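> Every position in the sequence shown, counted from 1, becomes a number in my numbering once 289 is added.
Glycine included, C-beta positions come from ideal geometry on N, C-alpha and C.
Just so it is clear, the structure is predicted and the values come from calculations on it, not from any experiment.
The structure's right below; bear with me while I get my questions together.
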Amino acid sequence: AEMTLNKVVDCNTFVRVARKFRFFTFEVGPAVKKQDKDASASFEMLLGEWKKIEEMITELMVVLEGSRIAKRLEQHVTVLKKLFQEKTDSEQAWLTYRCAVAEFTACLRNKDRAFANKKAD
Numbered sequence: 290a291e292m293t294l295n296k297v298v299d300c301n302t303f304v305r306v307a308r309k310f311r312f313f314t315f316e317v318g319p320a321v322k323k324q325d326k327d328a329s330a331s332f333e334m335l336l337g338e339w340k341k342i343e344e345m346i347t348e349l350m351v352v353l354e355g356s357r358i359a360k361r362l363e364q365h366v367t368v369l370k371k372l373f374q375e376k377t378d379s380e381q382a383w384l385t386y387r388c389a390v391a392e393f394t395a396c397l398r399n400k401d402r403a404f405a406n407k408k409a410d
């Protein structure tokens, strides 16, 4: 109210008001403290789907250790686990999940083709 009545703002008044409303501090963490009900349901469903394939993806990462595919899968898994802990961005979690599943299925498909080619020879 002090600053809205005058066209010119006193420097001391501005600094006092800025400190009062913490304009100079930056908080780390999610911007929104409340969680949307739809986002919560989305995370629960995604977590259920993730639990079904998590072990298979982990096994594939062990088998392909050191390869580019294993590193990409590891990145997806790390980001997904972080998003599950924070539960802030369900859309990003779904995107990361789909990317991990796409990498996983592409790897298995390529392995099946290589196996079929060896068998045909």
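Do cysteine 396 and isoleucine 358 have their C-beta atoms closer together than 8 Å?
Going by C-beta atoms, cysteine 396 is nearer than 8 Å to isoleucine 358.
> Assuming contact is defined by CB atoms lying nearer than 8 Å, are valine 368 and threonine 394 in contact in what I supplied?
The answer is no: Cβ separation not under 8 Å.
> Since alanine 389 and leucine 362 are thought to touch, with beta carbons under 8 Å apart, how far apart are those beta carbons, to the nearest angstrom?
Right, the Cβ-Cβ distance comes to about 6 Å (below 8 Å), so this counts as a contact.
> Which residues bound the alpha helix (DSSP H) around leucine 349?
Note, leucine 349: alpha helix (DSSP H), 326-352.
> Drop a sphere of 10 angstroms on the beta-carbon of serine 379, count the other beta-carbons inside from all chains shown, and report buried for 16 or more, exposed for fewer.
Classification of serine 379: buried, given that the 10 Å Cβ count is 16 or more.
> Could you check the C-alpha separation between methionine 350 and lysine 371 for me, to the nearest Å?
Methionine 350 and lysine 371: Cα-Cα distance of roughly 18 Å.
> Rounded to the nearest angstrom, what separates lysine 309 and tryptophan 339 at their Cα positions?
Cα-Cα distance, rounded: 45 Å.
> Given that a residue counts as buried once 16 or more other Cβ atoms are within 10 Å of its Cβ, and exposed if not, what is phenylalanine 303?
Phenylalanine 303 is exposed by the Cβ-count criterion.
> Give the DSSP-derived three-state secondary structure of serine 379 in the structure shown.
Here serine 379 sits in helix by DSSP.
> Assuming histidine 365 contacts glutamate 392 under a Cβ cut-off of 8 Å, what Cβ separation, rounded to an integer in Å, is found between them?
Confirmed, Cβ separation roughly 7 Å.
> Can you give me the start and stop residues for the alpha helix (DSSP H) that arginine 308 sits inside?
Looking at the DSSP string, the run of the alpha helix (DSSP H) that includes arginine 308 is 300-309.
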